[in-house]
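Working notes for the structure below.
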Amino acid sequence: MKLTQQERTAFIMILFGVFFRGFVTASFQFQDIVAKKALSALDWQVTMLVMIWPLSNLVSIWWGKLMERSSNIARYYYILGICGRLILIFMFWVKNWWGYMLIMIFVFSFNSMQSPAQSTLFRYGFGIEKRGRLFGIATSLENAVMIIFASLAGYLMDIREEWFRHIFALVAVFGLLSAVFFANSKISKPPVKNLKPLKPKEFFLSPIQRSWEVLRDNRLFRTFEINYFIYGLAFMMILPVIPKFMVDTIGMNYSQMFISKSVIARLGLLFLAPLAGKLHDLYNPGKFSSIAYFVIAFYPLILFFASFNPGWEYAAYFVMLAFLFNGIAMAGINVSWNIGSIYFAGPDEAPMFQSVHVTLTGVRAIFGPLIGFVVMKMFNYQAVLVLSTLVFLFAARQSLKLGKVIERKEIVRSEKT
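Numbers given in this note's numbering equal positions in the sequence shown, counted from 1, plus 50.
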């Protein structure tokens with residue numbers, strides 16, 4: 051793979067950015083466990099906490115609107131670094147779930163600008179034939195850092211639980227550094243022609259209208275998003291179950307939980323991300339995503355089998371096996387999440403398409419965790435795991451159908467040319 055000097059310089063800065071972002075990503079993986087075990091959060095409080103991250107993505111369409119009008123993406127990374135990363139330094143003063151929740155609201159609200167910003171960097175910084183592989187390399191580096199840091203964090207918190215505050219403070223500093231490196235990648239969009247001043251009413255309403263138009267007018271993108279939405283519901287309904295299952299049912303310690311969620315679950319991203327990126331360049335988004343959705347169905351299925359004998363000495367290893375399947379699937383899902391929407395976007399539409407994609411994550415967050423919580427309270431957590439498995443398989447089937455439609459359209463297009 052040959053890069054121009056400009057592409058090489060930009061990618062080096064992105065690699066530094068993802069290196070330091072690996073510490074942030076690790077903290078996102080264990081933030082619910084910290085709330086449950088260190089701050090004794092109740093089930094409904096854990097449910098609220100796991101909803102923040104995806105719910106905050108609702109504001110992504112407004113970030114996308116601003117980026118669509120701007121040729122300077124760097125300024126948004128500086129905002130992210132200060133407001134969405136450095137604020138974690140206030141963990142030193144957190145005494146209960148309420149303070150923890152408030153900080154996480156700030157972190158994830160500004161984190162929602164990251165995906166459209168990153169998509170813009172890859173859209174305008176690198177050729178279409180290189181994006182998947184470069185993104186896969188960057189993902190592997192980020193996950194290598196995350197695995198090492200999460201393992202260390204779990205070990206430290208087994209020694210002294212209160213050290214979670216120091217760990218998050220370190221994440222705050224590294225998160226700011228990550229944003230600075232991304233901002234200095236020197237990738238910019240072409241200036242938007244005939245740009246008119248943006249009125250407040252237009253700013254708040256036009257992204258909603260634009261999102262509706264994108265979904266209405268682009269049938270293939272709409273179907274892609276519906277399938278991703280179905281997958282996301284299955285994934286999010288498990289989220290309230292996991293901390294309770296690992297802490298109360300299996301009785302895992304910090305090291306075991308952090309290794310499961312942040313190490314084993316990331317091995318797929320670490321070793322398979324470059325391959326996933328290359329496959330994404332070769333196959334269409336529908337066919338590519340269907341494989342990932344099928345594989346991740348084994349994640350709740352194995353947890354379901356582990357739940358029948360929680361006192362078994364090998365129960366924790368079954369949990370780790372489940373997270374291994376999670377990680378293998380996530381190697382593909384992560385690529386679809388970050389650059390899948392670009393396939394359907396026009397020359398100047400990448401930020402808006404990705405922001406619509408991210409915002410729909412927020413929409414499904416209204417339902418997914420609540421469905422999991424309600425089913426768990428009405429029946430048990432095992433019912434949630436079975437329901438999630440079935441929904442994952444349905445998403446895989448529907449995505450495969452989309453892949454076949456895209457293939458037929460590509461054949462017709464190639465015959466015409």
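No residue lacks a Cβ here, since even glycine has one placed at the ideal position from N, Cα and C.
query, result
"Specify the secondary structure class of M370 as computed by DSSP and reduced to three states.", "helix"
"Given a cut-off of 8 Å on the beta-carbon distance, is the pair V68 and A188 in contact?", "yes"
"Given that a residue counts as buried once 16 or more other Cβ atoms are within 10 Å of its Cβ, and exposed if not, what is L437?", "buried"
"Out of A200, F338, L108, S165, which one is the CA nearest neighbour of S310?", "A200"
"For L108, tell me which candidate among A372, F442, Y128, I416 has the shortest Cα-Cα distance.", "I416"
"Which two residues bound the contiguous alpha helix (DSSP H) that contains D298?", "Note, D298: premise wrong, no alpha helix (DSSP H); not H, not E."
"Using only the alpha-carbon positions, how far apart do Y364 and F348 sit?", "18 Å"
"Below 7 Å CB to CB, which residues in the same chain sit around I341 once its five sequence neighbours on both sides are set aside?", "G382"
"Take L411 and list the residues in its own chain whose beta-carbon comes closer than 7 Å to its own, dropping the five residues that flank it on each side.", "It is Thr, not Leu, that sits at residue 411 in the sequence shown. P104, N107, G282."
"I need the straight-line Cα distance from G530 to V369, nearest angstrom please.", "Outside the displayed range of the chain (51 to 467) lies residue 530, so it cannot be described from this structure."
"Report the residue from L452, L320, F375, T439 whose alpha carbon sits nearest the alpha carbon of S190.", "L320"
"Looking at the unbroken alpha helix (DSSP H) that takes in S165, where does it start and where does it end?", "164–175"
"Thinking C-alpha only, which one of L65, K180, M98 is nearest I479?", "In this structure the chain extends from 51 to 467, so residue 479 is not present and cannot be described."
"Near N234, which residues of its chain fall below 8 Å by C-beta distance, leaving aside the five closest residues on each side in sequence?", "M63, A124"
"Can you have a look at P250 and say buried or exposed, based on whether 16 or more other CB atoms are within 10 angstroms of its CB?", "exposed"
"Grab me the residues of L227's own chain with a C-beta within less than 6 Å of its C-beta, minus the 5 sequence neighbours each way, in chain order.", "F70"
"Go through its chain and collect everything with a Cβ distance to A91's Cβ below 6 Å, but skip five positions before and after it.", "A85, W147"
"Return helix, strand or coil for R210, following the three-state DSSP convention.", "coil"
"May I have the straight-line CA-CA distance separating D331 from W213, to the nearest angstrom?", "43 Å"
"How about P335 and S386: do their beta carbons lie closer than 8 Å?", "yes"
"Which residues in the same chain as F218 place their Cβ atom closer than 7 Å to its Cβ, once the five residues preceding and following it in sequence are excluded?", "S77, L138, M141"
"Beta-carbon within less than 8 Å of M380's beta-carbon, same chain only, minus the 5 sequence neighbours each way: which residues are those?", "A315, R316, G318, L319, A342, I346"
"Would you decide whether T273 is buried or exposed? Buried here means 16 or more other CB atoms lie within 10 Å of its CB.", "buried"
"Is it buried or exposed for Y205, if we count other Cβ within 10 angstroms and need 16 for buried?", "exposed"
"Give the range of the alpha helix (DSSP H) segment to which S159 is assigned.", "147–161"
"Thinking I352 and A372 are a contact (beta carbons under 8 Å), I'd like their distance in whole angstroms, please.", "4 Å"
"Classify V345 as helix, strand or coil using the three-state DSSP reduction.", "helix"
"Which stretch, first to last residue, makes up the alpha helix (DSSP H) that contains N277?", "269–288"
"Helix or strand or just coil, what does DSSP make of N384?", "helix"
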